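Residue numbers are given in our numbering: position 59 of the sequence shown equals residue 59, and the series is strictly consecutive.
Even for Gly, the Cβ is constructed at its ideal location relative to N, Cα and C.
Computed from a predicted structure; not experimentally measured.
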Amino acid sequence: MKRIKLHDKEFVLAIDAGTIEREIARVAEEINRDLAGERPLFLGVLNGAFMFVSDLLKSVTVEGTEVSFVKVASYAGTSSTGQVKDLIALNEDVTGRTVVIVEDMVDSGRSIVHLKKMLEERHAGKIVVAAMFYKPKAIVQELTLDYTCIALENDFVVGRGLDYDGLGRNLPDLYQVVS
Ligand code: IMP
Ligand code: MG
């Protein structure tokens, strides 16, 4: 079993890159089918979503696709702070547009709720969510995830864009903490 160490913690392989890439390709096909003709703006949530945005968008063929990013933070170490801070704001006009929020991970759901509210205040048209990973047992907010690749248990994970205090984002596989 592949094991790695980041800072003070050990992690073990949870999901290999090939499995993740297959699920991303499936979600891209769903998006191609559902959003045809909508000229969607994909809004990546930095830092964690950089790799998912890159992988997903390579398979999205919807005409008029655009990409932008916002940056929010809600995690410190291995747990959520319960607060969402805006670090880089949105600078596109989203009035009437279909916006796809692209998240690496939905945990409590607070970041998504926060971003949906921001987009509604700016009068976006249809707002949908694409999440690479989500933790169904951790979601505390009422919310709909329109596109999801892989459901996880509540363990803390790294890789594929997700970090432990800055480390592990570049790993192509997903690792879970050994407790
Ligand atoms: P939420 O607002 O609680 O849904 O948290 C979402 C954000 O927290 C994600 O976009 C990640 O950046 C971060 N996060 C949640 N769970 C993990 C994890 O297991 N490992 C690393 N980061 C995580
Ligand atoms: Mg994130």
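Could you check what DSSP says for Glu29 in three-state terms: helix, strand or coil? helix
Is the CB-CB distance between Glu23 and Ile150 below 9 Å? yes
Using 8 Å as the cut-off, can you tell me whether the stretch 155-164 makes contact with the stretch 43-52, which would need three or more C-beta pairs spanning the two stretches below that distance? yes
Quick one: give me the first and last residue of the alpha helix (DSSP H) that Arg110 is part of. 110-121
Looking at the structure shown, is Lys137 part of a helix, part of a strand, or coil, going by DSSP? coil
Examine ligand 1 and report whether any of its heavy atoms sits within less than 8 Å of the Cβ of Asp163. yes
Examine the Cβ distances between the stretch 107-120 and the stretch 130-146 and report whether three or more of them are shorter than 8 Å. yes
Range covered by the beta strand (DSSP E) that runs through Asp104: 99-106
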